[in-house]
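These protein sequences, in sequence, are chains A and B.
Under numbering that gives the first Met the number 0, residues 0 to 180 are what the first sequence spells out, in order.
Under numbering that gives the first Met the number 0, residues 0 to 251 are what the second sequence spells out, in order.
Just so you know, even glycine gets a beta-carbon here, dropped at the ideal spot from N, CA and C.
The structure under discussion appears below in the form of structure tokens.
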Amino acid sequence: MSTLEPTPGQTVGPFFGYALPYDGDSELVPPGRADAVRLHGRVLDGAGDPVPDALVEIWQADAAGVVSRAAGSWHRDGFTFTGWGRAATDNAGTYTFSTVVPGATTPGHAPYVAVTVFARGLLHRLLTRAYLPGPATDDDPFLASVDPARRGTLVATADEHGFVFDIRLQGEGETVFLTHG
Amino acid sequence: MTETTQADVSAEMAAIADDFAAAGRPETQPRLDYAPYRSSLLRHPTKAPQPADPEGIELWAPVFGHQDVDPLEADLTIQHRGEPVGERMLVTGRVLDGDGRPVRHQLVEIWQANAGGRYLHQRDQHPAALDPNFSGVGRCLTDGDGVYAFTTIRPGPYPWRNHRNAWRPAHIHFSLFGTEFTQRMITQMYFPNDPLFALDPIYQSIVDPAARERLVATYDHDLTSPEWATGYRWDIVLTGSHRTPLDEGDDA
Chain A
0 MSTLEPTPGQ TVGPFFGYAL PYDGDSELVP PGRADAVRLH GRVLDGAGDP VPDALVEIWQ
60 ADAAGVVSRA AGSWHRDGFT FTGWGRAATD NAGTYTFSTV VPGATTPGHA PYVAVTVFAR
120 GLLHRLLTRA YLPGPATDDD PFLASVDPAR RGTLVATADE HGFVFDIRLQ GEGETVFLTH
180 G
Chain B
0 MTETTQADVS AEMAAIADDF AAAGRPETQP RLDYAPYRSS LLRHPTKAPQ PADPEGIELW
60 APVFGHQDVD PLEADLTIQH RGEPVGERML VTGRVLDGDG RPVRHQLVEI WQANAGGRYL
120 HQRDQHPAAL DPNFSGVGRC LTDGDGVYAF TTIRPGPYPW RNHRNAWRPA HIHFSLFGTE
180 FTQRMITQMY FPNDPLFALD PIYQSIVDPA ARERLVATYD HDLTSPEWAT GYRWDIVLTG
240 SHRTPLDEGD DA
């Protein structure tokens with residue numbers, strides 16, 4: 000088969016706010032549900048300042064490690080877990096999702112949430128993973144391949160409602176971003 | 000402090016273009032670190048990305064369905080009581096993977112400025128008129144051949160504050176999903192022969208001319224509709240991890 004050259008990416012720009020966010024976009028499950036957890040954090044630039052015009056998307060398995068194939072990832076009916084969510088950052092650079100703790104999709108690997116980051120000033124999307132804290136991260140082969148000094152940027156920390164995962168685009172504590180070649 | 004001029008920014012872009020030409024290596028994506036685009040200075044990672052085998056979740060993409068998108072959302076000219084101002088335009092093309100396979104039944108979202116170059120966004124303070132009959136937001140699902148199609152109006156160029164007298168070439172923002180999560184992408188479609196191309200640091204951040212020309216649509220007179228609208232064609236190629244997609248799920 001012939002190989003086609005890819006279409007280049009471009010920045011999401013500053014004005015996506017009226018186009019991409021929609022009602023319920025960040026609520027993979029309703030926040031009041033018994034198994035709902037909060038996954039939140041800030042997007043920060045190289046000066047440590049918040050990025051108020053970033054867009055974060057997540058894609059994850061359910062608690063049993065099953066990847067949803069149910070159609071309707073966009074709309075929320077309050078019952079169907081589709082595993083996909085989108086959140087724009089606020090003026091403090093904060094994003095928040097209401098979701099469930101994912102199960103591992105690959106036996107022997109630690110569970111994680113796949114994350115995409117877009118922003119004004121960011122010329123192409125970035126991909127990363129938010130691993131959940133716990134003993135499974137000690138044995139994960141991918142995490143073991145990451146420089147120990149930077150590995151922690153891929154692991155969320157627990158808080159009272161769920162997990163915190165900050166995304167640092169540059170500088171000290173710069174998040175490890177991925178290429179899947 | 001002296002204000003940065005277009006000449007300053009053009010000189011920076013020319014120096015980077017010369018370095019690229021001397022290196023003689025093709026590039027397919029924009030430079031994340033592209034100083035002429037000032038907003039990129041503090042927002043580009045400085046470390047090389049970590050190679051990762053996609054696993055589990057990353058080998059799949061979200062599944063959009065007809066419950067998610069109304070077919071009327073593909074026509075940006077009928078969202079209000081009257082006709083928007085500007086050149087009515089049909090924009091269509093195919094979404095393909097790197098092997099030329101169609102990306103079927105996936106979500107395509109677009110947003111754009113109006114004919115006067117203004118977005119319906121509070122932070123857009125460009126003193127051009129808002130068009131009460133144009134919001135500039137559309138979405139559709141690709142069909143079984145990976146084809147998307149929108150009816151809209153041609154957006155205008157607009158000033159931005161990267162440097163003195165900075166103007167963006169007219170463009171439409173596209174948001175795309177593939178058959179796996181690693182193909183997720185947002186980009187911009189441009190129009191042929193725009194005199195602002197050479198001056199624009201966002202377009203020029205794709206330093207390889209062959210790659211950046213892939214963002215330019217083609218005028219298609221066969222697509223142009225008599226007494227109605229001009230036609231532009233633009234195909235999009237998404238790359239991911241080159242896994243062979245499973246047939247199941249394609250039509251989910």
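If we ignore side chains and look at the alpha-carbon of each, how far apart do residue i and residue j end up?
i, j, result
"B/F19", "B/T186", "22 Å"
"A/V36", "B/H172", "33 Å"
"B/L129", "A/T136", "51 Å"
"B/D250", "B/E2", "Confidence is the limiting factor: at B/D250 the pLDDT is only 40, short of 50, which leaves the residue's position unreliable and the question unanswerable from this model."
"A/Y17", "A/T10", "16 Å"
"A/T104", "A/G64", "5 Å"
"A/V180", "B/A51", "The amino acid at residue 180 of chain A is misidentified as Val; the sequence shows Gly. If I take the Cα positions, the gap works out to 8 Å."
"A/A157", "A/V99", "14 Å"
"A/E171", "A/G45", "8 Å"
"A/Y131", "A/W58", "Residue 131 of chain A is actually Leu in this sequence, not Tyr. Approximately 14 Å between the Cα atoms of the pair."
"B/A60", "A/F96", "19 Å"
"A/G82", "B/A13", "45 Å"
"B/G97", "B/V236", "6 Å"
"B/T150", "B/D74", "5 Å"
"B/A228", "B/T91", "13 Å"
"A/R32", "A/E26", "11 Å"
"B/P252", "A/P7", "For residue 252 of chain B there is no data in the structure shown, the boundaries of chain B being 0 and 251."
"A/A86", "A/Y94", "6 Å"
"A/D89", "B/A21", "43 Å"
"B/V62", "B/D17", "43 Å"
"B/V94", "A/E159", "43 Å"
"A/W72", "B/R183", "Before going further, note that residue 72 of chain A is Ser rather than Trp in the sequence given. Rounded to whole angstroms, A/S72 to B/R183 spans 14 Å at the Cα level."
"B/R163", "B/T4", "5 Å"
"A/G168", "A/V42", "The sequence given here has Leu at residue 168 of chain A, not Gly. Each residue's alpha carbon lies about 7 Å from the other."
"A/R68", "B/Y218", "38 Å"
"A/T152", "A/L125", "14 Å"
"A/F15", "B/W110", "7 Å"
"B/A169", "A/T115", "26 Å"
"B/F196", "B/F176", "27 Å"
"A/R181", "A/V112", "Residue 181 of chain A is absent from the structure shown; chain A starts at 0 and stops at 180."
"B/D246", "B/Y231", "Note that B/D246 scores 44 on pLDDT, short of 50, meaning its location in the model is unreliable and no value can be drawn from it."
For a test of the three-state rule: what should DSSP assign to residue i, helix, strand or coil?
i, result
"B/G248", "Legend: pLDDT at B/G248 = 44, less than 50; position of this residue unreliable, no value from coordinates given."
"A/S97", "strand"
"B/V8", "helix"
"A/I57", "strand"
"B/L222", "coil"
"A/R34", "Before going on, a small fix: residue 34 of chain A reads as Asp here, not Arg. Residue state, collapsed to three classes: coil."
"B/Q38", "With the sequence shown as reference, residue 38 of chain B is identified as Ser, and Gln is not the correct amino acid for it. Residue state, collapsed to three classes: helix."
"A/Y21", "coil"
"B/I15", "helix"
"A/D44", "coil"
"A/M0", "Interpretation of A/M0 is limited by its pLDDT of 49, a score under 50 that renders its predicted location unreliable; the figure taken from the coordinates is listed afterwards. Coil at A/M0, not helix or strand."
"A/V136", "Just to set this straight, residue 136 of chain A is Thr in the shown sequence, not Val. Of the three classes helix, strand and coil, the one that applies to A/T136 here is helix, per DSSP."
"A/G151", "helix"
"A/G82", "coil"
"A/L125", "strand"
"B/L214", "helix"
"A/L131", "coil"
"B/A22", "helix"
"A/G161", "strand"
"A/G8", "coil"
"A/L177", "strand"
"A/F117", "strand"
"A/L27", "coil"
Cβ of residue i within 7 Å of any heavy atom in the ligand GDP?
i, result
"A/G71", "The model on display carries no ligand, and the ligand GDP is accordingly not part of it."
What are the residues of the region 10-22 of chain B that lie near chain A, defined by any Cβ-Cβ distance shorter than 7 Å?
none
Inter-stretch contact at 8 Å, needing at least 3 Cβ pairs: the region 104-115 of chain B / the region 137-145 of chain B
With contact defined as three or more Cβ pairs closer than 8 Å, the region 104-115 of chain B and the region 137-145 of chain B are in contact.
Given a limit of 7 Å on CB to CB distance, which residues of the region 158-173 of chain A reach chain B?
L168, Q169, E173
Contact between the region 27-40 of chain B and the region 76-83 of chain B (3+ Cβ pairs under 8 Å)
no
Unbroken beta strand (DSSP E) runs of length 3 or more, entirely within the region 133-209 of chain B: which are they?
136-140, 146-152, 157-159, 165-167, 170-175, 184-189
Entirely enclosed beta strand (DSSP E) segments - the region 35-106 of chain B, minimum 3 residues
87-96
Contact list for the region 51-72 of chain B against chain A, Cβ threshold 9 Å
A51, D52, P53, E54, G55, I56, E57, L58, W59, A60, P61, V62, F63, G64, H65, Q66, D67, V68
Determine contact between the region 133-147 of chain A and the region 4-12 of chain B, defined as no fewer than three beta-carbon pairs at a distance below 8 Å.
no
What are the residues in the region 65-90 of chain A lying within 8 Å of chain B by C-beta distance?
V66, S67, R68, A69, A70, G71, S72, W73, H74, T81, G82, W83
Should the region 38-50 of chain B be regarded as contacting the region 207-222 of chain B, the criterion being three or more beta carbon pairs within less than 8 Å?
no
When Cβ atoms are compared, which residues of the region 103-117 of chain A fall closer than 7 Å to chain B?
Using a CB distance below 7 Å, the part of the region 103-117 of chain A facing chain B consists of T104, T105, H108, A113, T115, F117, ordered along the chain.
For the region 110-141 of chain B, which residues have a beta carbon sitting closer than 7 Å to at least one beta carbon of chain A?
W110, Y118, L119, H120, R122, D123, V136
Which of the residues in the region 2-13 of chain A, read from start to end, lie with their CB under 9 Å from any CB of chain B?
Within the region 2-13 of chain A, the residues whose Cβ lies closer than 9 Å to any Cβ of chain B are, in chain order, T2, L3, E4, P5, T6, P7, G8, Q9, T10, V11, G12, P13.
Where the region 22-36 of chain B meets chain A: residues whose CB sits under 8 Å from a CB there
T27, Q28, P29, R30, L31, Y33, Y36
For the region 26-44 of chain A, list every residue whose C-beta sits within 8 Å of some C-beta in chain B, in sequence order.
D44
Short of 7 Å Cβ to Cβ, which residues in the region 162-173 of chain B face chain A?
H172
Short of 7 Å Cβ to Cβ, which residues in the region 172-201 of chain B face chain A?
Residues of the region 172-201 of chain B whose Cβ lies closer than 7 Å to any Cβ of chain A, in chain order: H172, S174, F180, T181, R183, M184, I185, T186, Q187, I201.
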